[in-house]
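All remarks here apply to the structure that follows.
Numbering (my numbering), first residue to last: 530 to 1084.
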């Protein structure tokens, strides 16, 4: 009797010991048959009670932020996701449904992995074919992801026959040390918020404007945060940019809604260089006519548009065009038209990094309008780590910007192209410039029928008197943005005003810059000249061209 009791105690102890046993499985990733060596190995800690999914760097507590750990609780298969956003800031979210909703086609195929007999199951995830190889030899369920948690111990996952995650080792461990990693305060959030907070923690966000009004009113005044100029059509804020490393990408994003103005308007996001004796900010503070003047013989004076030895014009980050009344005029109903409520404008501006990195700059937005309600805008600049190094320039020099940002403060429209001289800018390089490029943004404006907004016109660029590039800027896709234009007029021919093709812009879109290769430029004096056959004035209607140019390259 005594012997039987002892044997029973030993058996119970053995069962408890077995049930508490944890296995550590390490996985190697490969792509098209080549091992991916630049990322840490995935680790799964698997037991009958729960599973943890992480990687070697996290295990060694050497991972950079942000990073994630996934826990799967048994037998409910509840997935707990932990995101470590920064030191001392951990969020978590719970998902009790996704594992149970997984559907697999079970096959009779088998193969050996690390000596264990594995079976194959197949599923589809977002049009990707996933093959999961799992074993039941160890009477455990787990794997390198939440996929296949109900099948057995997943030892290999193959996606689309080219991406492979395979178990490279299996061993028993007494203590995982997970309590030394997941510790301290953890904030529980819903799944959507979890994904959003994790995503946003992966890049730097510089918030510039948040639902600010750009309008035309004597009541528009500056406050402690935002400066307003030209009767409120310009808003400005000083922003400190961090040091931006090579390989990091920069994006500017503006969200716009009509707050009363029903028309398509020219808009620009810009910053003001302050590395010369005089800047565009001086013109905002003291008047446009205090800035250097450009004249080409047509009898007009254009202030603040061209670079000089002691002055740099406003640097254009992104040009955009408001749609006809997005949001404010969505009450205008047309059959089968569900209007968009916001116009999003987003552009890669990584090439401007040399002018932004570790600088404190005035960043502004202009929308030319004559409405007291005007427009409502939010502006962010984001900085992202990336493996791509597309823009390798370390020089960014603003040369010209004819967009009359101070239109409501007396800055004239850019009508200088009615003369053969067009726009001519002198500049001096203190060093040789390799792989020079001109970041050139252009849009034509003015008039109906014979106006340059609606007529294709060639833009010709000359450097040191030699033709380097000529093209016709033209957009034929404007009809694609009809749902952003509730207040657009409809014509007898069945078209809407927002459908019409235009000189490189559409209502509700961004105008992309052209990157014009200039080769290598020697140190010394140079000229850049822009020629456009601008149409003649007809009555009160006239044409104009908004062009901006930034010299890029490596010194």
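Heads up, the beta-carbon is just placed ideally off N, CA and C, and yes, glycines get one too.
Values in this document were obtained by computation on a predicted structure and should not be read as measured data.
{"Query": "Closest by CA to residue 849, which one among 1053, 795, 1032 and 689?", "Result": "795"}
{"Query": "Alpha carbon to alpha carbon, how far is residue 756 from residue 811?", "Result": "13 Å"}
{"Query": "Mark residue 560 as exposed unless 16 or more other C-beta atoms lie within 10 angstroms of its C-beta, in which case mark it buried.", "Result": "exposed"}
{"Query": "Report the three-state DSSP secondary structure of residue 552 (helix, strand or coil).", "Result": "strand"}
{"Query": "Considering only the beta carbon of each residue, do residue 1052 and residue 958 sit closer than 7 Å?", "Result": "yes"}
{"Query": "Please identify the residue among 663, 802, 685 and 569 whose C-alpha is closest to the C-alpha of residue 886.", "Result": "802"}
{"Query": "Pull up the distance between the alpha-carbon of residue 562 and that of residue 556, whole angstroms please.", "Result": "15 Å"}
{"Query": "Here's the rule: buried if 16 or more other CB atoms are within 10 angstroms of the residue's CB, otherwise exposed. What is residue 925?", "Result": "buried"}
{"Query": "Could you round the C-beta distance between residue 859 and residue 1015 to whole angstroms and report it? I think they count as a contact, below 8 Å.", "Result": "5 Å"}
{"Query": "Is it buried or exposed, residue 1017, if we count other Cβ atoms within 10 angstroms and call 16 or more buried?", "Result": "buried"}
{"Query": "What number of angstroms, rounded off, separates the C-alpha of residue 583 from the C-alpha of residue 659?", "Result": "21 Å"}
{"Query": "Would you grab the beta carbon distance between residue 962 and residue 1078 for me? Rounded to a whole angstrom, and I think it's under 8 Å.", "Result": "With 8 Å as the limit, residue 962 and residue 1078 do not qualify as a contact, their Cβ atoms being about 14 Å apart."}
{"Query": "So, does the stretch 599-611 touch the stretch 623-632, judging by three or more C-beta pairs under 8 Å?", "Result": "yes"}
{"Query": "Starting from residue 1075, follow the beta strand (DSSP E) in both directions and report where the run begins and ends.", "Result": "1073-1083"}
{"Query": "To the nearest whole angstrom, what separates the beta carbons of residue 806 and residue 839, a pair I think is in contact under 8 Å?", "Result": "4 Å"}
{"Query": "Mapping DSSP to helix, strand and coil, what is residue 1096?", "Result": "Residue 1096 lies beyond the stretch modelled for the chain, which goes from 530 to 1084, so this question has no answer here."}
{"Query": "For residue 974, collect the residues of the same chain with a Cβ closer than 6 Å to its Cβ; drop the 5 residues on either side in sequence, then sort them by chain order.", "Result": "982 and 1073"}
{"Query": "Which ranges would you report for the beta strand (DSSP E) in the stretch 995-1046 if only whole runs of at least 3 residues count?", "Result": "995-1000"}
{"Query": "Quick check: what's the CA-CA separation for residue 662 versus residue 619?", "Result": "33 Å"}
{"Query": "Assign residue 1023 to buried or exposed, taking buried as 16 or more other Cβ atoms, counted over all protein chains shown, within 10 Å of its Cβ.", "Result": "exposed"}
{"Query": "Mapping DSSP to helix, strand and coil, what is residue 819?", "Result": "helix"}
{"Query": "Does the separation of the CB atoms of residue 903 and residue 1045 fall below 7 Å?", "Result": "no"}
{"Query": "Here's the rule I'm using: 16 or more other beta-carbon atoms within 10 Å means buried, otherwise exposed. How should residue 580 be labelled?", "Result": "buried"}
{"Query": "Does the distance from the C-beta atom of residue 905 to that of residue 740 stay below 7 Å?", "Result": "yes"}
{"Query": "Counting C-beta neighbours from all protein chains within 10 Å, is the total for residue 954 16 or more, i.e. buried, or is it exposed?", "Result": "buried"}
{"Query": "Would you give the residue range spanned by the beta strand (DSSP E) that residue 835 belongs to?", "Result": "Element bounds for residue 835: n/a, residue is neither H nor E."}
{"Query": "What's the gap between the Cα of residue 1025 and the Cα of residue 745?", "Result": "27 Å"}
{"Query": "Assuming residue 895 and residue 797 make a contact with CB atoms under 8 Å, what is their CB distance in whole Å?", "Result": "5 Å"}
{"Query": "When the cut-off is 7 Å and only beta carbons count, does residue 734 lie next to chain D?", "Result": "Note that chain D does not occur in the displayed structure, where there is just one protein chain."}
{"Query": "For residue 808, does the count of other Cβ atoms within 10 angstroms reach 16, so buried, or fall short, so exposed?", "Result": "buried"}
{"Query": "If you run the structure through DSSP and keep just helix, strand and coil, what is residue 612?", "Result": "strand"}
{"Query": "Measuring CB atoms only, is the stretch 774-788 touching the stretch 871-888, in the sense that at least three cross pairs come out at less than 8 Å?", "Result": "yes"}
{"Query": "Quick check on the DSSP output: the beta strand (DSSP E) that includes residue 891 runs from which residue to which?", "Result": "889-896"}
{"Query": "Expressed to the nearest angstrom, what Euclidean distance is found between the alpha-carbon atoms of residue 655 and residue 634?", "Result": "16 Å"}
{"Query": "Is it true that the stretch 1025-1039 meets the stretch 932-943, where meeting means three or more beta-carbon pairs spaced less than 8 Å apart?", "Result": "no"}
{"Query": "Would you tell me roughly how many angstroms separate the C-alpha atoms of residue 558 and residue 567, rounded to the nearest one?", "Result": "10 Å"}
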